[in-house]
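**Q** Just dropping this structure here.
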Amino acid sequence: MAGFFSPDSKLYKFMSRLTDVVKLNLMWLLFSLPIVTIGSSTIAAFDITLKMAEDNEGHIARGFIKAFKANWKQGIPMTFITLFCLWAVYLDFEIFSVISKDPNAENGWIFLAVGVVAAYVFTCSLLYVYPLLARYENTIFNSLRNSFRITMRYFLRSLVLVVVIAIELIVFFFWSEKMWIIGALMGPVCIFFTISGPAMAIFRELEKEPGTVAENDGVRKSDDDGDNETE
Numbered sequence: 183m184a185g186f187f188s189p190d191s192k193l194y195k196f197m198s199r200l201t202d203v204v205k206l207n208l209m210w211l212l213f214s215l216p217i218v219t220i221g222s223s224t225i226a227a228f229d230i231t232l233k234m235a236e237d238n239e240g241h242i243a244r245g246f247i248k249a250f251k252a253n254w255k256q257g258i259p260m261t262f263i264t265l266f267c268l269w270a271v272y273l274d275f276e277i278f279s280v281i282s283k284d285p286n287a288e289n290g291w292i293f294l295a296v297g298v299v300a301a302y303v304f305t306c307s308l309l310y311v312y313p314l315l316a317r318y319e320n321t322i323f324n325s326l327r328n329s330f331r332i333t334m335r336y337f338l339r340s341l342v343l344v345v346v347i348a349i350e351l352i353v354f355f356f357w358s359e360k361m362w363i364i365g366a367l368m369g370p371v372c373i374f375f376t377i378s379g380p381a382m383a384i385f386r387e388l389e390k391e392p393g394t395v396a397e398n399d400g401v402r403k404s405d406d407d408g409d410n411e412t413e
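Residue numbers (my numbering): 183 to 413.
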């Protein structure tokens with residue numbers, strides 16, 4: 183029984199990781215309260231979840247605050263960019279929905295087509311942008327471009343990742359009213375962690391290849407041990 187609850191047991195490791203996820207999620211919610219800082223807190227959360235993917239996260243709260251302070255200047259513009267992308271896609275589908283109900287309306291399909299294309303482009307551009315900003319010193323524009331290029335290069339992996347994220351969103355926030363509690367406690371960070379695993383694997387692959395999107399355009403941000411690697 184003592185071994186079952188020892189620090190090396192699977193149960194202990196699972197409960198420890200679950201506690202870290204809840205703690206990180208609460209910090210993400212707290213630091214996102216001003217709304218404009220959602221992007222900054224998301225980059226900070228990805229800084230931790232990327233390290234979680236390699237079991238190298240260290241102190242959660244201290245690491246999050248450090249990453250938040252280091253990334254708030256890029257995070258605030260990313261808040262508005264992300265919200266604009268979501269609003270633009272929503273608006274296109276909403277206009278299509280309204281026009282499609284009018285039997286005399288014409289060319290409503292244009293808004294549907296624009297919405298689909300916009301959703302595709304924005305998804306590709308945003309899928310890896312927060313992990314990229316968390317891991318590399320780079321401009322927002324280059325990070326958005328690199329996210330799109332990575333999604334295209336690893337299209338099947340990225341498609342599976344988008345499907346998994348969609349399932350998580352449905353389970354956490356649309357499955358039932360009771361799941362909202364669990365979703366509020368751990369939903370966002372679970373999604374961040376889901377992205378971080380595949381993203382970290384891709385980044386490690388790209389870092390081995392001179393001339394790839396990560397190699398030419400970014401510099402690794404310093405880890406806790408002070409390592410700074412040129413890409």
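Glycine included, each C-beta is placed from N, C-alpha and C at the ideal position.
Taking the alpha-carbon of I263 as reference, which of V296, S325, I364, L351 has the nearest alpha-carbon?
**A** Measuring from the Cα of I263, the nearest candidate turns out to be S325.
**Q** Ignore the nearest five residues each way along the sequence and tell me which others in L294's own chain have a CB closer than 6 Å to its CB.
**A** Around L294: F278.
**Q** Looking at C-alpha atoms only, which residue of V298, A366, R335, L211 is the closest neighbour of I225?
**A** Of V298, A366, R335, L211, the residue nearest in Cα terms is L211.
**Q** Can you round the beta-carbon distance between P259 and I322 to whole angstroms, since I take them to be within the 8 Å contact cut?
**A** Sure, about 6 Å apart at Cβ, within 8 Å.
**Q** Quick check: the segment 355-374 against the segment 226-233, are at least 3 beta-carbon pairs closer than 8 Å?
**A** Touching, yes, given that three or more Cβ pairs across the two stretches are closer than 8 Å.
**Q** Mind checking whether R331 and P380 have CB atoms under 8 Å apart?
**A** Their beta carbons are not under 8 Å apart, which means R331 does not touch P380 by this criterion.
**Q** When you compare only the Cα positions, how much space is there between D399 and S282?
**A** Any reading at D399 needs caution, since the residue's pLDDT is 49, under 50, leaving its predicted position unreliable; the model's value is listed next. Going from the Cα of D399 to the Cα of S282 covers about 44 Å.
**Q** Could you spell out the range, first to last residue, of the alpha helix (DSSP H) harbouring E307?
**A** Checking the sequence shown, residue 307 turns out to be Ser, not Glu. Start and end: 291-309.
**Q** By DSSP, does E350 sit in helix, in strand, or in coil?
**A** Looking at E350 - three-state DSSP - the assignment turns out to be helix.
**Q** Nearest to K251 by CA position, among K233, T261, N238, S223, is which residue?
**A** The shortest Cα separation from K251 among K233, T261, N238, S223 belongs to S223.
**Q** Tell me which same chain residues have a C-beta within less than 6 Å of the C-beta of A249, skipping the five on either side of it?
**A** Result list for A249: A226, D229, in chain order.
**Q** Comparing C-alpha positions only, which one of K233, L309, F385 sits nearest to V345?
**A** Per the Cα distances, L309.
**Q** Whole angstroms is fine: what's the gap from L270's alpha carbon to F304's?
**A** What sits at residue 270 in the sequence shown is Ala, not Leu. Cα-Cα distance, rounded: 10 Å.
**Q** Excluding the 5 residues flanking W254 on each side, which residues of the same chain have their C-beta closer than 8 Å to its C-beta?
**A** For W254, where only same-chain residues beyond five positions count, the Cβ hits under 8 Å are T219, S222.
**Q** What's the C-alpha gap between E388 and R317?
**A** The amino acid at residue 388 is misidentified as Glu; the sequence shows Leu. Their Cα atoms are separated by approximately 13 Å.
**Q** For the alpha helix (DSSP H) holding I263, just list the boundary residues, first then last.
**A** Where I263 is concerned, the enclosing alpha helix (DSSP H) stretches over 242-282.
**Q** Taking just the CA atoms, how far does A301 sit from F337?
**A** About 15 Å.
**Q** Which first and last residues belong to the alpha helix (DSSP H) in which D237 is found?
**A** Premise fails: D237 is in no alpha helix (DSSP H) and is neither H nor E.
**Q** Does E397 come out as helix, strand or coil in the three-state DSSP assignment?
**A** In this prediction, E397 scores a pLDDT of 48, lower than 50, which makes its location untrustworthy; no coordinate-derived value is stated.
**Q** Classify F196 as helix, strand or coil using the three-state DSSP reduction.
**A** Reduced to three states, the DSSP call for F196 is helix.
**Q** So, under 8 Å CB-CB, I242 and D202 are touching, yes? Tell me the CB distance rounded to an integer number of Å.
**A** Rounded, the Cβ-Cβ distance is 5 Å, consistent with contact.
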